[in-house]
Structures are given as C-alpha cells and as structure tokens.
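Here is the structure we will look at.
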Amino acid sequence: MATPPDHLDALPEEFRARPGFLFGASTSAHQIEGNNVSSDWWVLERTAVGGFLEAPSGDAADSFHRWPEDMDLLTGLGFNAYRFGIEWARIEPEEGRVSRAAIAHYRAMVVGARARGLTPVVTLHHFSSPYWFAARGGWTAPDAADLFARYTETALEVLGDDVDYVATINEPNMVALIAGLSKAFAEGRFDEIGGTEHPSDDEEPAAGALPEPDAATTEALIRAHRAAAAVLKAARPEIRVGWTVANQVFQAEPGAEGAAAAYAWPREDVFLDAARGDDWVGVQAYTRTRIGPDGLLPAPEDAERTLKGWEFYPDAVGHAVRHTAEIVGPDVPILVTENGIATDDDERRIAYTTQALASLAAAMRDGADVHGYLHWSALDNYEWGSFRPTFGLIAVDPDTFARTPKPSAHWLGGLARGLDRTDRP
Ligand code: FCB
Numbered sequence: 001m002a003t004p005p006d007h008l009d010a011l012p013e014e015f016r017a018r019p020g021f022l023f024g025a026s027t028s029a030h031q032i033e034g035n036n037v038s039s040d041w042w043v044l045e046r047t048a049v050g051g052f053l054e055a056p057s058g059d060a061a062d063s064f065h066r067w068p069e070d071m072d073l074l075t076g077l078g079f080n081a082y083r084f085g086i087e088w089a090r091i092e093p094e095e096g097r098v099s100r101a102a103i104a105h106y107r108a109m110v111v112g113a114r115a116r117g118l119t120p121v122v123t124l125h126h127f128s129s130p131y132w133f134a135a136r137g138g139w140t141a142p143d144a145a146d147l148f149a150r151y152t153e154t155a156l157e158v159l160g161d162d163v164d165y166v167a168t169i170n171e172p173n174m175v176a177l178i179a180g181l182s183k184a185f186a187e188g189r190f191d192e193i194g195g196t197e198h199p200s201d202d203e204e205p206a207a208g209a210l211p212e213p214d215a216a217t218t219e220a221l222i223r224a225h226r227a228a229a230a231v232l233k234a235a236r237p238e239i240r241v242g243w244t245v246a247n248q249v250f251q252a253e254p255g256a257e258g259a260a261a262a263y264a265w266p267r268e269d270v271f272l273d274a275a276r277g278d279d280w281v282g283v284q285a286y287t288r289t290r291i292g293p294d295g296l297l298p299a300p301e302d303a304e305r306t307l308k309g310w311e312f313y314p315d316a317v318g319h320a321v322r323h324t325a326e327i328v329g330p331d332v333p334i335l336v337t338e339n340g341i342a343t344d345d346d347e348r349r350i351a352y353t354t355q356a357l358a359s360l361a362a363a364m365r366d367g368a369d370v371h372g373y374l375h376w377s378a379l380d381n382y383e384w385g386s387f388r389p390t391f392g393l394i395a396v397d398p399d400t401f402a403r404t405p406k407p408s409a410h411w412l413g414g415l416a417r418g419l420d421r422t423d424r425p
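Position one of the sequence shown corresponds to residue 1 (full-length UniProt numbering), numbered consecutively onward.
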C-alpha cells in the first residue's frame, strides 16, 4: 500500500527508546469467540435484541476456533503483543464447576501466543460474567469478591509462568455505569438515560453523557479487583497486575473546572485512584467529553463522527495518558490497552491512529511512563449489540469468517517492526 505522506512512516523515537515496548492489538472474549452461551450477555441478547440491542453475538468472529489464525496474522503483520480475554462463563459455566476443557483451551492460547513471539496481556473479566453470577446478584452480592478471587485462582493454571501482564476487570467504570443505567431503567427514570426507552446506537451520547455509576457497584468492583490481585501476587509475585479504565477525556470549558472534576470523579477518577498501588494501569481512550458551566456539551457541529457517533478526536489518547499519570502518580506504568476508531473508511483509521500515536509520543516525551500500545481492535467484532461499528485492523467475513488484514493492519504492523526486538522471547 502506498502510504500517504501525512501518515506516520516510522515509529516515533519515544517508543523505540523503551526496551520491551509492547505494540499490538486487543480483543475481548465475548466480542470475538462466538457462542458464549453460559454468560449473562448471551441471556441479555436473547431478550434485548430488537429493543436496545440490534443483533446477538451469535458466532461473533468464531475466534474460539480460529485463534491460531488470528495470532498467526498478528505476528506476521509485525506485532509483538496481543491482549485477549479469558471467559469466566466458560471456565466456570456453573457455580463451582470448572470446565477442564476451557482451561486447556485458554492455556493453549497463552502458550500459542508465546510460541509466536506475542507477549500475552490477559484480561480476566471483560463485561460478560457467568449467568449464574449475575443471577445471584452480580458484583454487589456479598460474596462477589470471593467468587471472583476463586475464579482468579483457577485462572492461574491458564497463566502458568507465561503471562506477565494481567488485567483483572476491564472498564470497571463502564460496568458500574451500566449498573446505574439498569437501575434508572428499572425505576423508569428515562430522562437520565437519554429521554427514551430505546436509545439507538446512532444517537449514542458522548461517553460521559450517561447516568452516574452505581456507587455500590463501584465499591464492589474495587474490592473484587483487590481480591484478585492478592491471589495473583501470592502465587506469582512477579506478575504485573492492573485494571483498565475507560478514559473519557473530560475537558472543562473556562469556568467549568470544578464541575468537570466533580463529574469525572465517580465516572473515572475513583477507578484510577484505586490503581495507585497496582503494577500498571490500562488507558482506553477514543474520544473526548467537553463540559461547560451548564453541563455536558455536544461535539462541535462540524465535527467528523465515527460509526459509534463519537467525535473523531485522535488526541484523546495523549490527554488520557496525561490525566491518568497525574492521578496514579509516577510509580504506576501505563499500558494503552485500547485506542482506535469505528469506521468503514480504513484511510480514516490510519489518519486517526497516526495522530493518536503522535499525541501519545508527546505525552511520553513529557514524562508519562508508557510501556505499550495495544490497538482496539485486532478484528472486526461484536460491538456489544451490533456488528456495524467496525474497529478492526483485520476484516472478518460474517459468513465464512475469512480474515483479511486491512491496509491499516499492514501499516501499523510495519511500524511495530521498527521496535528493537532483541528482548523478544
Ligand atoms: C470499550 C470496550 C471494548 C470496545 C470498545 C469500543 O469500552 O472495552 O470492549 O467495545 O470500547
């Protein structure tokens, strides 16, 4: 592919200067595996499709069977890291019953990643839970943290000695926010959820324009994170444990600084604050959320929007990293665990990512301790209710599941090849 001149054609020095920099792509289990039948999401899809969800996950990208091909592609493209999830609902499909086959499956993935020179970054929980866990009260059940810790103990066998980076819970702030949303929905407070019983994807408000996260869920998630971290560290002290936060890049208009800080605390900062004692923290940024003296501001009228309806704002990741570093302090390294764009114009993906990497390099130049960049997403996948917002570097045919790397995949993988590989396993 001919790379237009405004597209980055070499990795900025900031990335190359850091030995062992992880440069790769991310996925989550439910979004790519298919047939995650013991999960709460699978059950939700049965009832919510036609309402607030457009489509069920079904076979998704069939990565449950095609993960070797996915990893072959990533390594062949030039990447050195892959973030993927393991699914609690498969490992413990019924309360207390562990699936040996699921353990073997995920263990093979970890070994398979290493064999291909991909550093695995493993997520233990990415939005979906076992149905039995949700049905008995989810995160706010009194013993939720113990149950998550027990699952983490089981997952140690998957990790073996091969996984250095583990994310306990993906976007706890979104999990708590969805709990708040469900409560508002159940109680008929529709004005707080966009004024409609059926908010559509096209009209999705800015990331922050949602109700306040449920405070009890927030506390429960922090407890569960700490319990899982304790299990991991007790078994393997060298393992690096963190969690990944949805960074909403709150930007205050003049005079709205106080309002913005108050708005950001329960929605983001409390979760970053909880990461202060961790080994790393994951930054996940896509767009920004502007706040004026009277509250949230919409994206500028002339702003380009992505297939999620979000403002095209590639500087988000640099802002998110700076903000995160301010809260977690200098001793907690950062991994960018998600950053990308939903678009069917792959040129815009390259343009977005070029600018995103520049903003990240600038934050690193100013001192942010960033150890990796994992693009969302490796594959086009199930975007929590719809297959339309395509974030993938690699296209997936919905009928044959054939994978086709897009020009952006070749371009970004080519940048990754510029890293010093002497430290590769
Ligand atoms: C994040 C989620 C991820 C994906 C991206 C677009 O909030 O962690 O699963 O849906 O957004």
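Even glycine gets a Cβ: it sits at the ideal position worked out from N, Cα and C.
Tell me where the beta strand (DSSP E) around GLU338 begins and ends.
To locate residue 338, count along the sequence shown from 1; it is residue 338. Under the DSSP assignment, GLU338 falls in the beta strand (DSSP E) whose first and last residues are 334–338.
Can you list, in chain order, the residues of its chain whose CB lies under 7 Å from that of ALA25, leaving out five sequence neighbours each side?
Counting from 1 along the sequence shown, the entry for residue 25 is found at position 25. Closer than 7 Å at the Cβ level, and outside the excluded window around ALA25, lie LEU74, PHE79, TYR82, LEU374, HIS375, SER377, ALA378, LEU393.
Name, in chain order, the residues that DSSP records as bridge partners for LEU379.
Position 379 of the sequence shown, counting from 1, holds the residue named residue 379. Its beta-bridge partners are ILE394.
Given THR152 as reference, the closest of ARG276, VAL231, PRO93 once Cα atoms are compared
Taking the first residue of the sequence shown as position 1, residue 152 is located at position 152. Ranking the options by Cα distance to THR152, first place goes to VAL231.
So what does DSSP say about residue 429, is it helix, strand or coil?
Outside the displayed span of the chain (1 to 425) sits residue 429, for which this structure offers no information.
Measuring CB to CB, does PHE23 end up less than 8 Å from ALA285?
Within the sequence shown, residue 23 is the residue found at index 23, counting from 1. Within the sequence shown, residue 285 is the residue found at index 285, counting from 1. Result no, Cβ atoms of PHE23 and ALA285 do not sit closer than 8 Å.
Can you give me the Cβ contacts of ASP279 inside the same chain, cut-off strictly under 7 Å, excluding the 5 residues immediately before and after it?
Locating residue 279 in the sequence shown gives position 279, where the first residue counts as 1. Answer for ASP279: ARG240, VAL241, GLY242, listed in chain order.
Using a threshold of 7 Å, is the CB atom of GLU383 nearer than that to any non-hydrogen atom of ligand 1?
Taking the sequence shown and counting its residues from 1, one reaches residue 383 at position 383. GLU383 Cβ: within cutoff of ligand 1.
Since ALA179 and SER128 are thought to touch, with beta carbons under 8 Å apart, how far apart are those beta carbons, to the nearest angstrom?
Along the sequence shown, one-based indexing puts residue 179 at 179. Along the sequence shown, one-based indexing puts residue 128 at 128. Contact between ALA179 and SER128 does not hold, since the beta-carbon distance rounds to 14 Å and is not under 8 Å.
Using alpha carbons as the reference points, say which of TYR382, PHE391, PHE271, GLY418 lies closest to GLY34.
In the sequence shown, residue 34 corresponds to position 34, counting from 1. Minimum Cα distance to GLY34 is reached at TYR382.
Measuring only from the beta carbon, is TRP376 closer than 7 Å to any heavy atom that is part of ligand 1?
For the purposes of this step, residue 376 is taken as the residue at position 376 of the sequence shown. Under cutoff, so the answer is yes.
My guess is that ALA252 and ALA262 are in contact by the Cβ rule of under 8 Å, so how many angstroms apart are they, rounded?
As a working note, residue 252 is residue 252 in the sequence shown. As a working note, residue 262 is residue 262 in the sequence shown. At roughly 11 Å, the Cβ-Cβ gap does not stay under 8 Å, so ALA252 and ALA262 are not in contact.
Throw me the rounded Cβ distance for the ILE86 and ALA29 pair, which I believe falls under 8 Å.
Taking the sequence shown and counting its residues from 1, one reaches residue 86 at position 86. Taking the sequence shown and counting its residues from 1, one reaches residue 29 at position 29. Indeed, because the Cβ distance is near 6 Å, the residues count as touching under 8 Å.
Is any heavy atom of ligand 1 found at a distance shorter than 7 Å from the C-beta of ALA259?
Mapped onto the sequence shown, residue 259 falls at position 259. Answer for ALA259: no, Cβ out of range of ligand 1.
Between the C-alpha atoms of ASN173 and GLY413, what's the straight-line distance to the nearest angstrom?
In the sequence shown, the residue the question calls residue 173 occupies position 173. In the sequence shown, the residue the question calls residue 413 occupies position 413. Approximately 31 Å, taken between the alpha carbons.
If you draw a straight line from the C-alpha of ALA108 to the C-alpha of VAL121, how long is it?
As a working mapping, residue 108 is identified with position 108 in the sequence shown. As a working mapping, residue 121 is identified with position 121 in the sequence shown. Near 14 Å, if we compare the C-alpha coordinates of VAL121 and ALA108.
Cβ-based neighbour list, TYR131, same chain, cut-off 8 Å, excluding 5 preceding and 5 following:
One-based indexing of the sequence shown puts residue 131 at position 131. In chain order, SER38, SER39, ASP40, TRP42, VAL43, ALA89 place their CB closer than 8 Å to the CB of TYR131, counting only its own chain and leaving out the 5 sequence neighbours on each side.
Do you know how far the Cα of ASP59 is from the Cα of GLU69?
Working through the sequence shown from its first residue, we reach residue 69 at position 69. Working through the sequence shown from its first residue, we reach residue 59 at position 59. Between the C-alpha atoms of GLU69 and ASP59 there is a straight-line separation of about 16 Å.
In angstroms with no decimal places, state the Cα-to-Cα distance between HIS225 and ALA145.
By one-based count along the sequence shown, residue 225 stands at place 225. By one-based count along the sequence shown, residue 145 stands at place 145. Pairing HIS225 with ALA145, the inter-Cα distance amounts to about 8 Å.
Please say whether ALA176 and LEU221 have beta carbons closer to each other than 8 Å?
Residue mapping note: residue 221 aligns to position 221 of the sequence shown, counting from 1. Residue mapping note: residue 176 aligns to position 176 of the sequence shown, counting from 1. For LEU221 and ALA176, yes; Cβs fall inside 8 Å.
Helix, strand or coil for ARG16 per DSSP?
Locating residue 16 in the sequence shown gives position 16, where the first residue counts as 1. Per DSSP, reduced to three states, the secondary structure at ARG16 is helical.
In the DSSP assignment, find the unbroken beta strand (DSSP E) run with residue 454 in it and report its ends.
The structure shown does not extend to residue 454, since the chain spans only 1 to 425, so no value can be given for it.
Rounded to whole angstroms, what is the Cα-Cα separation between PRO300 and PRO266?
By 1-based counting over the sequence shown, the position of residue 300 is 300. By 1-based counting over the sequence shown, the position of residue 266 is 266. Each residue's Cα considered, the two are about 25 Å apart.
TYR82, DSSP secondary structure in three states:
Here residue 82 refers to the residue found at position 82 of the sequence shown. In this structure, TYR82 counts as strand in the three-state DSSP scheme.
Measuring CB to CB, does LYS308 end up less than 8 Å from ALA342?
Translated into positions along the sequence shown, residue 308 becomes position 308. Translated into positions along the sequence shown, residue 342 becomes position 342. For LYS308 and ALA342, yes; Cβs fall inside 8 Å.
On the criterion of 16 or more Cβ atoms from any shown chain inside 10 Å, does residue 426 qualify as buried, or is it exposed?
Here the chain covers residues 1 to 425 and nothing more, so residue 426 does not appear.
Looking at C-alpha atoms only, which residue of VAL321, VAL110, ILE327, SER182 is the closest neighbour of ASP162?
Stepping through the sequence shown from its first residue, residue 162 is reached at position 162. Selected option, being the one with the closest Cα: VAL110.
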